[in-house]
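Colleague: One structure, as structure tokens, below. Some questions next.
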Amino acid sequence: MTTLPAHSGFPWVMVIGLLPLLGVAGILLLPKAREAEARMIALGASVVTFAASIGMAIDYKVSGKPFQFTQDYTWIKAFGAHYALGVDGIALALILMTTALTPICVLASWHDAERLSPDDEASSGRGPRLFFSLLLATETLVIGVFGSLDVFFFYVLFEAMLIPMYFLIGSFGGPRRSYAAVKFLLYSLVGGLLMLVAVIGLYVTSAHQLGHGTFDYRVLINQVHISHHEQIALFLGFFIAFAIKAPLWPFHTWLPDAASEAPTGTAVMLVGVLDKVGTFGFLRFCIPLFPYASKLFAPYILGLCVTGILYGALVAIGQKDLKRLVAYSSVSHFGFIALGVFAFTTQGGSGATLYMVNHGFSTGALFLVVGFLASRRGSRMVDDFGGVAKVAPWLGAMVLIAGLSALSLPGLSTFVSEFLVLVGTFTVHRWFAVVGIAGIVLAAVYVLWMVQRTIHGPVTRAVEGFRDLSLREAWVIGPVMLAIVFLGVNPKPLLDRINPSIQRVNVDVRHGDPLPGAAIHCVRLPTRSSAAYSSSLTLSLAAARCPTGYVEFTSHVTLTSISTGSTVK
Amino acid sequence: MRVDYYLYLSAVLFTIGAVGVLVRRNAIVVFMCVELMLNAVNLSLVTFARLNGSLDGQIIAFFVMVVAAAEVVVGLAIIMSIFRSRRSASVDDANLLKY
Amino acid sequence: MYSALHAVTYAKSTGVFDLTFLLVLFPAASAAVLLLGGRRTDRWGHLLGCAAPLASFVIGVIEFFALISRDGGQSRQLDQHLWTWVPVAGFHANVNVLLDPLSITFVLLITGVGSLIHIYSVGYMEHDPDRRRFFGELNLFVAAMLLLVLADNYLLLYVGWEGVGLASYLLIGFWSHKPSAAVAAKKAFLVNRVGDVGLSIAIMLMFATFGTFSFSGVFTAVHGPGVRSGTMLAIGLMLLLGACGKSAQAPLQSWLLDAMEGPTPVSALIHAATMVTAGVYLVARSGAIYDVSPHARLAVEIVGAVTLTMGAIIGCAHDDIKKVLAASTMSQIGYMMLAVGLGPGVYAIGIMHLLTHGFFKANMFLGAGSVMHGNNDEVNMRRYGGLRKLMPVTFVTFGFGYLAIIGIIPFSGFFSKDKIIESALDKGGATGDLFGAVAIAGAGLTAFYMTRLMIMTFFGVKRWPRDVHPHESPKIMLIPMAILAAGSLLAGYLLVLGGSLQHFLTPSVGSSIEQGAHTISPWVLSVITLAVVLGGVAAAWWLVGRKPVPAEPPTHVTLATKAARRSLLGDDINESIFMHPGAYLTRALVFFDNRGVDGMVNGLAALVGGSSARLRRTQTGFVRSYALSMLAGALAIAVSLLLVRVG
Amino acid sequence: MTSTVLAAASSGAPATMHEAVLFWLLAPIAVAAAIGLVVARSAVHAAMMLAAVMMCLAAFYTAENAPFLAVVQVVVYTGAVLMLFLFVLMLIGVDSTESLMETLRGQRVAAGVIGLAFSILLLAAIDGGIASFHPKGVVSAEAGKGNVAAIAQLLFSRYVFAFEATSALLITAGLGAMVLAHRERTSARQTQQERMQERASRGGAAIAPLPGPGVYADHDAIDTPALLPDGTIAALSVPSYLQVSSAQPRREDPELGA
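Chains as they are written, first to last, in the working numbering: chain A, 124 to 692; chain B, 78 to 176; chain C, 2 to 648; chain D, -4 to 253.
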């Protein structure tokens, strides 16, 4: 193996990661008397960060190296830990989503961290300075997690991410915030510890093989061959950690509590951004590092995903609390994401990655509108609303669109990703996909029933005084809606960057995507009179569909004949 | 007579002292039992010195005595102050560490 | 017919055909302006709302003439590439619009009838404070419907498909403060979603089987070797499921009657003329797939025949004028389904009935709207009576529609419906005869319930309450009705004349069956059908027209009538099979999640906490107990050391 | 006797007949006294028992060629430490005999069983571990300087740091004891005037001095109560700690009966 270039291009990732920290520094320098300005600084820092990430996206070469803008410095020499950063298409998309959502979270939390009175003793430590520093710190850590190319570095950031989020929930949340925060922390820590064991195991394996242990991700995937038994053990360590983080059924019960107790901005950050680390981890670590174990466990994991899709949706139908409803719908959606990831097809993987981005916006939108509703009514209960659309038509429309995006209406971004996930699954695991499709009917049930009971129907007394969207709220929800519509109509720029990375992720698990059923038939039955024509037709079709150059066929066709067939176009 | 009889005696005295610590409730008597245990150990230390033909055992016994003296001073002062505040010298009454 | 190696290809659009995208863009842009512009656009919103479909109609007409001016040598199927939508490895979806005879036919129907209904709505919705929003949503519907029929691949079609579903949802729930409207809207969307599952599975099957889901790719590949008939049957059935949802065919028919909660122009445009016929369009468009799968065709025929009968029976029992018309729509779409299910060559006839139905049913809905408009939005026909004198124009235009639907010569319905019956009988065999008989019986039933409607509404004595003063509608409503009435009369001629429509549609849906293979002579059949129809009319007069209509529906009726009044128990079945068990399941799962899954987590935490608390009890605070345990510990350590030494 | 024992011991490590006599004489006494320490009801008795044990041990130390320790044992332990115990006992009340009822369930049984097991274990361990030893005696280690000088030499050479540390410990302990025993005055000391005012404010008989004890022909002890004019006993005339049931004036006395 050739040695990998340590540095390439402008260190965008580091810059983007450090910008929010600058904001944190600015906020901490503020005197207490001017602490309300913390939000201005936070907004400024996060917008600049977003602008920088746009710069990175423009600078990213679609057909360039697998990992771009890399940096690699030895961090802890004693056990081969590196400070290594870099992005591929998947990380690029997720970093963009993170930096786009953070200003929205800041704006959405504009009044959430205000003190009740200037010298409010009860909230002495919990002013806007703390809140917005924590929010920005979370952003930095999440960007670091997505951009990390060292397993140990990733692990450290992965665990560090919990700390600001713990305080965001535990200090600023609803009445049961400490229960929710502790539950969130303990759940995540359990997963994190399992992952730590696996990370150490990975190091030991690499030390056995290379003579010197390393955590360098690119070295690990290219030069270290992990035996099957080790793969199974290490895979489970990583998988459970990510499954808790994602969260996958049945590790989901922390999410409804955490998301419903957290203030709106935090909930968006938590469910929209932070949880993507779990599904991102599947793609970044589980599959490329442990292809054998991934293949071995895939059917069971797909079973979990499908269960989660239906389960999350059904439980969401039965929720009385709007935030919990959204949280359970996310459980369902995470089932879709993981379904696409573990289908090991380009459609599934790209769809899942796109889904992560879209879910950030779509669930973000839902949490935001629920936050708008709750801030007006002082309650999150579905039954406390009714007829909002009549009183506040814009607010009603936003609730409706957010809901439609959650049920994956074609034309909105979630549809593209959900369909890709299902198609990607369908080509290899037909029945999992079919059962998963039932989830889209259930999604319609919970969304529309929620819509019917909150914004439709006769205007209830409590709703009568609702004002429509304020200017700030419009600026919060507007960009999200724009992103949802834009990505629904033109997901190509993002998909073009994601696709090659996904194909690299899947290359060890499945060589190229499965051929259409009819094409395989043609090759299987070469005695048919028209076989010559049709097989060449379909094979050229197949070759066109498999940019990696791999074509997988059923057993009784020799590979040589196929590969000649597919190269002669 | 064998020298190790002293050791047997020491063991017996030590055990009696230990049982005394366990069954008596008067803090001062408990303390006396502790002293008995220390004395028993001293006896065995002196005997060990004789067995080994070195004075180190006696030295250690001496140190034990000094430390025991210090311990008694502090311990009795503690018992005094407890008695002052609680009007009781029973070790069972001083159970603030209870769960 | 397709030959085995005949690849379906579409020509690249040029010239005037590059304007195809404007068809969708006009109403879409107008919808965006009206919905995002807010109250600022209230003043002129309805004008823009009418202009958009009219502009599309004009372009449609231009393109139609451009299309027919292309002679046989030139392809009449023109594909315009707009942008690449979803490119993922083999999964390549484009946003392309396909202009071919089938789509232009629909374009003209949608924009033509749509424009008329828009104009009508200006008057109908005049007093509604949200008229601008109404027009915005109506435009959104037109845009989505046009996208549906112009898509050149199934995925884009799916976008339009759900888009019209969304518009339908919004418009049924237009008066969403009425709980009944909100529930009906939700129900329509949900039932459609079930159908959409079918459509999406069909698309996935196509992709998994052929590696493509564009029309040209799929229609070429179906004739390739190695295509298993089971797969084709599955695709056909899944497409049919989608069509059933959208077109309110059994077993997904239950939403249509409730959808009448929407404003009447919506019922006319969406739930009569256009959207509900999208299922027929889908089956006709997918003709190549059904051509190779006779079993799938049979399923389509059965669905059509069953719904045809069900709709007609339901129509006989309801007193709500819109619901009767809705049931009639179901029934008529059943005819179309039956036609397109009959397979190669009959697609065009189904489309023809679709067009004529678009005219006469829209006409009648607008008429019903006019009647309601004049009667304080009363929909119960038992509160009407004798309106022909007070609303003469409405009566006449409605009458045209009435004559068309029951199939009286020379109204349009006669031509299209007769052809369907004829084709069903021509299919031969037991099923052909059965379907033919059902179709003829359906014609009789149609005549019965429509005559009942006419009698209860326009004839007899007045039965409206004292404070209602029926009056004729304003001109802006009457003119569209008049135009549609003319269409109801003339459309049949124009379409049938020399098989013009069938020839025109040949590139899209294949050629017609050869003439002369009839089992029964067309003339004889027409006479039989007319006789049955007249029998139905007579029966209606005998049962309804002879005596005064009671103000309340009679309660001592047969079980069959009761079932028909409850829409043949469609809702009851859905409720008992899906809703109630679903509600129980949901409640059980919520309980399970709180107590089971979360309970396990919390239980684990409680176990740790509890055992710690129990362990804490050993800290009695008695020094002597601690001393005892210390001594015991010392003993244990000494013993174990000794054992290690000895052992 | 002591000189013979010393002479016998000084000759060598193995125990002589004299030492055996001494051992078998004093060992049972030591054990009996130790048991007495554990079972004695009164704390003062227990202290006496402990003194007996310590004296016995001092004798054993002399027999074992440790005269310095023997003296320290008598002077420091028996003389100082034990006296300290007795002082504290006096401070907190000599009469505080504890009831012999055990309050912790099973404590006594468990202590007995574990103690027995522990002693068996120790005895067995000594039996197994020491049997092979041949006592060397400490005389050789004294190098002719005598026990005290030899110990002194070791203490101030090899163990000098430990010795210094111990001295520091002793000082710390002394300070600690002072701190612990010191009672901080929480309020200002009452003047005599204030005490009087307080007494006057209480009113009643408390203003006058308490009545003295009764003085009779046959009794004038301090525990004899005085009689009030009506013939009843003046309870306040006898200090509370002397009020015992036996100390009643004899009613049968004819002169006192009135």
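A virtual CB, placed ideally from N, CA and C, is assigned to each residue, including glycine.
For clarity, every value in this text was computed on a predicted model and none was experimentally measured.
1. Let me know if Thr677(A) comes out buried or exposed under the rule of 16 or more other beta-carbons within 10 Å of its beta-carbon.
2. Residues in its own chain within less than 7 Å of Ser612(C) by CB, not counting five upstream and five downstream?
3. What in chain C is Cβ-close to Ile109(D), meaning under 8 Å?
4. Short check: CB of Val322(A) to CB of Val391(A), under 8 Å?
5. Name the residue from Pro23(D), Ala35(D), Leu21(D) whose alpha carbon lies nearest to the alpha carbon of Arg101(B).
6. In chain C, which residues lie less than 7 Å from Pro639(A) when you measure between Cβ atoms?
7. Would you report the Cα separation of Tyr656(A) and Gly225(C), rounded to the nearest angstrom?
8. In angstroms, rounded to a whole number, what distance separates the CA positions of Ala201(A) and Val185(A)?
9. Check this for me: beta carbons of Ala512(A) and Ile578(A), under 8 Å apart or not?
10. Taking just the CA atoms, how far does Phe436(C) sit from Val301(C)?
11. Where do the ends of the alpha helix (DSSP H) carrying Phe151(D) lie?
12. So which residues on chain G does Phe460(C) lean against when the C-beta distance must stay under 7 Å?
13. With a CB to CB cut of under 6 Å and the five nearest residues on each side skipped, what residues in its chain are close to Ala348(C)?
14. Using CA atoms only, rank isn't needed, just tell me which of Val118(B), Ala95(B), Ala104(B) is closest to Ala145(B).
15. Taking DSSP's pairing of strands, which residues face Lys13(C) in a bridge?
16. Name the two residues that bound the continuous alpha helix (DSSP H) containing Gln442(A).
17. Out of curiosity, what's the CA-to-CA distance linking His374(C) and Gly227(C)?
18. Ends of the alpha helix (DSSP H) at Lys354(A)?
19. How many Å lie between Phe358(A) and Thr337(A) at the Cα?
20. Determine which residues of the segment 220 to 250 of chain C have a Cβ less than 8 Å from any Cβ of chain A, and write them out in chain order.
21. May I ask which residues mark the beginning and end of the alpha helix (DSSP H) holding Leu206(C)?
22. Starting from the Cα of Phe276(A), find the closest Cα among Ile199(A), Ile227(A), Pro411(A), Leu230(A) and give me that residue.
23. Just list the residues that DSSP pairs Thr85(C) with in beta bridges.
24. Are the C-beta of Lys140(D) and some C-beta of chain B separated by less than 8 Å?
25. Could you tell me the alpha carbon to alpha carbon distance between Ala53(C) and Ala144(C), rounded to whole angstroms?
26. Give me, in chain order, the residues of the same chain whose beta-carbon lies closer than 6 Å to that of Ile164(A); leave out the 5 immediate sequence neighbours on both sides.
27. Just to confirm the assignment: which complete alpha helix (DSSP H) runs, minimum length 4, are found wholly within the segment 137 to 184 of chain A?
28. Less than 8 Å separating the beta-carbons of Gly178(A) and Trp233(A)?
29. Name the DSSP bridge partner or partners of Leu118(D)?
30. Is it buried or exposed for Arg71(C), if we count other Cβ within 10 angstroms and need 16 for buried?
31. Can you name the residues that DSSP bridges to Met504(A)?
32. May I have the straight-line CA-CA distance separating Ser439(C) from Gly316(C), to the nearest angstrom?
33. Which residues does DSSP pair with Asp273(A) in a beta bridge?
34. Using 8 Å for Cβ pairs, my map puts Leu257(A) next to Val229(A). What's the rounded Cβ distance?
35. Could you tell me whether any Cβ in chain B is nearer than 8 Å to the Cβ of Arg615(C)?
36. With C-beta atoms as the reference, is Ile155(B) less than 8 Å away from Ala166(B)?
Modeller: On the basis of the supplied data:
1. As a working mapping, residue 677(A) is identified with position 554 in the first sequence. Caution applies to Thr677(A), whose pLDDT of 36 falls short of 50 and renders its modelled position unreliable; the value that the coordinates give is listed next. It counts as exposed.
2. Taking the first residue of the third sequence as 1, we reach residue 612(C) at position 611. For Ser612(C), where only same-chain residues beyond five positions count, there are no Cβ hits under 7 Å.
3. Here residue 109(D) corresponds to residue number 114 of the fourth sequence, with the count starting at 1. Within 8 Å Cβ-Cβ: Leu629, Leu632, Ala633, Leu636.
4. By 1-based counting over the first sequence, the position of residue 322(A) is 199. By 1-based counting over the first sequence, the position of residue 391(A) is 268. No, Cβ-Cβ distance for Val322(A) and Val391(A) is not below 8 Å.
5. On the second sequence, position 24 is the one that residue 101(B) refers to. Looking at the Cα atoms, Ala35(D) is the closest of the given residues.
6. Here the question's residue 639(A) lines up with position 516 in the first sequence. Simply Ala209, Thr210, Phe211, Gly212.
7. On the first sequence, residue 656(A) is found 533 positions in, with the first residue counted as 1. On the third sequence, residue 225(C) is found 224 positions in, with the first residue counted as 1. In this prediction, Tyr656(A) has a pLDDT of 40, which is less than 50 and means its spatial position is unreliable; nothing more can be read from the coordinates.
8. Position 78 of the first sequence, counting from 1, holds the residue named residue 201(A). Position 62 of the first sequence, counting from 1, holds the residue named residue 185(A). Rounded to the nearest angstrom, the two C-alpha atoms are 36 Å apart.
9. For the purposes of this step, residue 512(A) is taken as residue 389 along the first sequence, with counting starting at 1. For the purposes of this step, residue 578(A) is taken as residue 455 along the first sequence, with counting starting at 1. Contact flag set, yes.
10. For the purposes of this step, residue 301(C) is taken as the residue at position 300 of the third sequence. For the purposes of this step, residue 436(C) is taken as the residue at position 435 of the third sequence. C-alpha separation (whole angstroms): 12 Å.
11. Position 156 of the fourth sequence, counting from 1, holds the residue named residue 151(D). Looking at the DSSP string, the run of the alpha helix (DSSP H) that includes Phe151(D) is 142 to 151.
12. Structure shown: chain G not included; protein chains present are A, B, C and D.
13. For the purposes of this step, residue 348(C) is taken as residue 347 along the third sequence, with counting starting at 1. A quick correction: the sequence has Tyr, not Ala, at residue 348(C). Answer for Tyr348(C): Ala285, Gly288, Val341, Val510, listed in chain order.
14. Reading the second sequence from its first residue, position 68 is the one you call residue 145(B). It is Val118(B) whose Cα lies nearest to the Cα of Ala145(B).
15. Along the third sequence, read from residue 1 onward, the residue named residue 13(C) stands at position 12. Answer is Asp80(C), bridged to Lys13(C).
16. Here residue 442(A) refers to the residue found at position 319 when the first sequence is read from its first residue. First-last for Gln442(A): undefined, no H or E at that position.
17. One-based indexing of the third sequence puts residue 374(C) at position 373. One-based indexing of the third sequence puts residue 227(C) at position 226. Cα to Cα, His374(C) sits roughly 59 Å from Gly227(C).
18. Taking the first sequence and counting its residues from 1, the one referred to as residue 354(A) is at position 231. The amino acid at residue 354(A) is misidentified as Lys; the sequence shows Gln. From DSSP, the alpha helix (DSSP H) with Gln354(A) extends over 351 to 368.
19. Translated into positions along the first sequence, residue 358(A) becomes position 235. Translated into positions along the first sequence, residue 337(A) becomes position 214. Rounded to whole angstroms, Phe358(A) to Thr337(A) spans 18 Å at the Cα level.
20. Ala222, Gly225, Pro226, Gly227, Val228, Arg229, Thr232
21. Locating residue 206(C) in the third sequence gives position 205, counting from the first residue. Start and end: 180 to 211.
22. Position 153 of the first sequence holds residue 276(A). Residue Ile199(A) is the option with its Cα nearest to Phe276(A).
23. Within the third sequence, the letter at position 84 stands for residue 85(C). Partner(s): Asn95(C).
24. Position 145 of the fourth sequence, counted from the first residue, corresponds to residue 140(D). It does not; no Cβ of chain B falls within 8 Å.
25. One-based indexing of the third sequence puts residue 53(C) at position 52. One-based indexing of the third sequence puts residue 144(C) at position 143. Approximately 10 Å, taken between the alpha carbons.
26. Here residue 164(A) refers to the residue found at position 41 of the first sequence. Correct list, in chain order: Gly146, Gly149, Ile150.
27. 161 to 182
28. Numbered from 1 along the first sequence, position 55 holds the residue referred to as residue 178(A). Numbered from 1 along the first sequence, position 110 holds the residue referred to as residue 233(A). No, these two residues do not count as a Cβ contact at 8 Å.
29. Your numbering for residue 118(D) matches position 123 in the fourth sequence. Note: Leu118(D) sits in no beta bridge, so no partner.
30. Sequence index remark: in the third sequence, residue 71(C) carries index 70 (1-based). When all chains shown are included, Arg71(C) counts as exposed.
31. Position 381 of the first sequence, counted from the first residue, corresponds to residue 504(A). Answer by DSSP bridge pairing, in chain order: Asp444(A).
32. Reading the third sequence from its first residue, position 438 is the one you call residue 439(C). Reading the third sequence from its first residue, position 315 is the one you call residue 316(C). The residue asked about is misnamed: residue 439(C) is Val in this sequence, not Ser. The straight-line gap from Cα to Cα measures roughly 16 Å.
33. For the purposes of this step, residue 273(A) is taken as residue 150 along the first sequence, with counting starting at 1. Looking at the DSSP assignment, Asp273(A) forms a beta bridge with Asp339(A).
34. Counted from its first residue, the first sequence places residue 257(A) at position 134. Counted from its first residue, the first sequence places residue 229(A) at position 106. Incorrect: roughly 11 Å between the Cβ atoms, too far for contact.
35. Start at 1 with the first residue of the third sequence, and residue 615(C) comes out as number 614. No, because no Cβ of chain B sits closer than 8 Å to the Cβ of Arg615(C).
36. As a first step, residue 155(B) must be located in the second sequence, where it is residue number 78. As a first step, residue 166(B) must be located in the second sequence, where it is residue number 89. No, these two residues do not count as a Cβ contact at 8 Å.
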